[in-house]
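Notes to accompany the following structure.
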Amino acid sequence: MNIITLIITVIAITASLALYRVILGPTPWDRLIAVNLISSKVVIIMVATAVFYKRSIYMDVALVYAVIGFVSIIAISKFLERKGTKKE
Amino acid sequence: MIAYIFIFLGLVFIFFGTLGIIRFPDIYTRLQTSSKCDAAGSVAILIGLMIKEGLNAVSLRILIILLFLLLTNPVATHAIARSAAIRGIKPWRKVNNGERKDRLR
Numbered sequence: 578m579n580i581i582t583l584i585i586t587v588i589a590i591t592a593s594l595a596l597y598r599v600i601l602g603p604t605p606w607d608r609l610i611a612v613n614l615i616s617s618k619v620v621i622i623m624v625a626t627a628v629f630y631k632r633s634i635y636m637d638v639a640l641v642y643a644v645i646g647f648v649s650i651i652a653i654s655k656f657l658e659r660k661g662t663k664k665e
Numbered sequence: 347m348i349a350y351i352f353i354f355l356g357l358v359f360i361f362f363g364t365l366g367i368i369r370f371p372d373i374y375t376r377l378q379t380s381s382k383c384d385a386a387g388s389v390a391i392l393i394g395l396m397i398k399e400g401l402n403a404v405s406l407r408i409l410i411i412l413l414f415l416l417l418t419n420p421v422a423t424h425a426i427a428r429s430a431a432i433r434g435i436k437p438w439r440k441v442n443n444g445e446r447k448d449r450l451r
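In the order they appear, the protein sequences are chains U and E. Counting with this note's numbering, you get residues 578 to 665 for the letters of the first sequence. Counting with this note's numbering, you get residues 347 to 451 for the letters of the second sequence.
Right under this line is the structure:
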């Protein structure tokens with residue numbers, strides 16, 4: 578078994594385990610933590626795929642996905658901090 | 347060989363981080379394991395892939411992604427924790443006889 582196949586398999590299994598906390602987390606912050614974790618794992622899967630197929634275009638997709646995940650986590654946490662309204 | 351050691355270390359960190367996400371009782375404890383899983387596991391796997399690949403353009407792009415993850419993951423974790431603390435989520439405590447106050451789901 579190739580080492581990159583092992584990386585992709587283990588990370589996909591653990592990401593689907595973290596989906597448990599997304600579905601029945603008690604509070605919205607639990608769901609936010611699990612979404613942050615899955616977003617970080619998808620970036621690693623994309624990098625491993627780019628090394629496996631030797632296509633460097635997947636690396637740019639991984640970088641853009643990391644930026645979008647970071648901005649969305651910051652935006653949702655500020656939204657929950659203001660009780661879901663526009664201002665205080 | 348060094349690349350394989352880094353990759354297995356990262357896989358172990360990621361597995362136990364996800365186990366902590368499922369089993370821990372509170373937001374803040376889950377946030378701690380999530381932060382370790384992101385910072386240590388992702389960085390170790392990316393360093394292993396970078397050593398395995400050698401020194402070329404692909405390795406340089408992996409370095410850029412690694413630095414970006416290393417900068418932004420603690421910021422996201424801190425934003426989530428600050429949001430939960432401002433909205434008044436209390437930390438989890440044990441009651442006297444070792445029973446858990448809020449059951450695991």
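Note that CB positions come from ideal geometry on N, CA and C, so glycine has one too. Note that the structure is a prediction, hence the values are computed from the model and not measured.
Quick check: is the beta carbon of residue i nearer than 9 Å to any beta carbon in chain E?
i	result
Thr582(U)	no
Ala643(U)	yes
Asn676(U)	Because residue 676(U) is not part of the residues shown, which for chain U are 578 to 665, the question remains open.
Ala595(U)	yes
Ala589(U)	no
Check the Cβ-Cβ distances between residue i and every residue of chain U, and say whether any is below 9 Å.
i	result
Lys436(E)	no
Leu416(E)	no
Arg439(E)	no
Ile432(E)	yes
Leu355(E)	no
Taking all protein chains shown into account, do 16 or more other C-beta atoms lie within 10 angstroms of the C-beta of residue i, making it buried, or fewer, making it exposed?
i	result
Gly400(E)	exposed
Thr379(E)	buried
Gly434(E)	exposed
Thr604(U)	exposed
Tyr635(U)	buried
Anyone know if the C-beta pair for residue i and residue j falls short of 9 Å?
i	j	result
Val620(U)	Val404(E)	no
Ser617(U)	Ser388(E)	yes
Ala349(E)	Ile397(E)	yes
Thr375(E)	Trp438(E)	yes
Val624(U)	Ala611(U)	no
Leu657(U)	Leu596(U)	no
Meets three-Cβ-pair contact criterion under 8 Å: the stretch 639-650 of chain U and the stretch 354-361 of chain E: No, they do not touch.
Short-range partners of chain E found in the stretch 631-642 of chain U, where Cβ spacing is below 9 Å: Going along the stretch 631-642 of chain U in chain order, one finds Lys631, Ser633, Met636, Asp637, Ala639 and Leu640 with a Cβ nearer than 9 Å to chain E.
Chain-ordered residues of the stretch 364-378 of chain E with a beta carbon less than 9 Å from chain U: Thr364, Leu365, Ile367, Ile368, Ile373, Arg376 and Leu377
Interfacial residues, the stretch 388-415 of chain E to chain U, with Cβ spacing under 8 Å: Ser388, Ile391, Leu392, Leu395, Lys398, Glu399, Ala403, Val404, Arg407, Ile408, Ile410, Ile411, Phe414 and Leu415
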